[in-house]
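Heads up, the thing below is written out as structure tokens.
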Amino acid sequence: MTDYNLENVPPQLRPASAALIEKKGKGLGIKNKQNPVCVMLPPQIDKIVKALPNRSEFIRAAIIEKLAREEGEIASPVLANLEEIRDRVLMTQPPRERKKLKALLDAFITEIKEEQGGKEGK
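Heads up: the sequence shown begins at 28 in our numbering, then just goes up one per residue.
So this is what it looks like as structure tokens:
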């Protein structure tokens, strides 16, 4: 703007080249200034992971495997968390499909509970 000496001129009256200088981009399309998520690994594991060609895929697979193990340990005793699991599944579905899916899941839960009750009674 100082090249044209147009600080006091309204934007509508400035030449087109001055408007182009005024509308410079701010970067590579970054919408927010939030830092990326960081995972701290022990030094030995960090060396192994950095040596892998596709380390982000490896880390995702490891996290998914750990969550599956934890969920398996929680769900394996008695089927106490079925209602919570049903609610989590329903929240992933569109509102129009929830009613039918809830009826199906409720029927499935009652069937499993009846089977568990039959096995305990025998």
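Glycine included, every Cβ here is placed at the ideal spot set by N, Cα and C.
_Could you tell me the alpha carbon to alpha carbon distance between Ile112 and Gln39, rounded to whole angstroms?_
The count along the sequence shown starts at 1 and reaches residue 112 at position 85. The count along the sequence shown starts at 1 and reaches residue 39 at position 12. Each residue's Cα considered, the two are about 60 angstroms apart.
*Determine the DSSP secondary structure at Thr119, reduced to helix, strand or coil.*
As a working mapping, residue 119 is identified with position 92 in the sequence shown. Looking at Thr119 - three-state DSSP - the assignment turns out to be coil, as it is neither helix nor strand.
*Give the secondary structure of Pro37 by DSSP, where H, G and I count as helix, E and B as strand, and everything else as coil.*
In the sequence shown, counting from the first residue as 1, residue 37 sits at position 10. Residue state, collapsed to three classes: coil.
*Under the three-state reduction of DSSP, which class applies to Glu79: helix, strand or coil?*
In the sequence shown, the residue the question calls residue 79 occupies position 52. Here residue 79 is Leu; the residue named in the question, Glu, does not match the sequence. Correct three-state label for Leu79: coil.
_Closest by C-alpha distance to Ile136, when choosing among Glu110, Lys126, Lys93 and Ser83_ = The residue you call residue 136 lines up with position 109 of the sequence shown. That would be Glu110, whose Cα lies nearest to the Cα of Ile136.
*For the putative contact between Leu117 and Leu131, defined by C-beta atoms under 8 angstroms, what is the C-beta separation to the nearest angstrom?*
Along the sequence shown, read from residue 1 onward, the residue named residue 117 stands at position 90. Along the sequence shown, read from residue 1 onward, the residue named residue 131 stands at position 104. The Cβ separation is near 11 angstroms, so there is no contact.
_By the three-class DSSP mapping on this structure, what secondary structure does Pro70 have?_
In the sequence shown, the residue the question calls residue 70 occupies position 43. If DSSP states are grouped into helix, strand and coil, Pro70 belongs with the helices.
_Rounded separation between Ser83 and Ile75 - CA only_ = Working through the sequence shown from its first residue, we reach residue 83 at position 56. Working through the sequence shown from its first residue, we reach residue 75 at position 48. Rounded to whole angstroms, Ser83 to Ile75 spans 13 angstroms at the Cα level.
*Ala88 to Asn81, Cα distance in whole Å?*
Counted from its first residue, the sequence shown places residue 88 at position 61. Counted from its first residue, the sequence shown places residue 81 at position 54. Going by the C-alpha atoms only, they are around 11 angstroms apart.
*Taking only the alpha-carbon atoms, compute the straight-line gap between Lys125 and Lys77 and give it to the nearest angstrom.*
Translated into positions along the sequence shown, residue 125 becomes position 98. Translated into positions along the sequence shown, residue 77 becomes position 50. One detail in the question is off: residue 125 reads as Arg in this sequence, not Lys. Cα-Cα distance, rounded: 43 angstroms.
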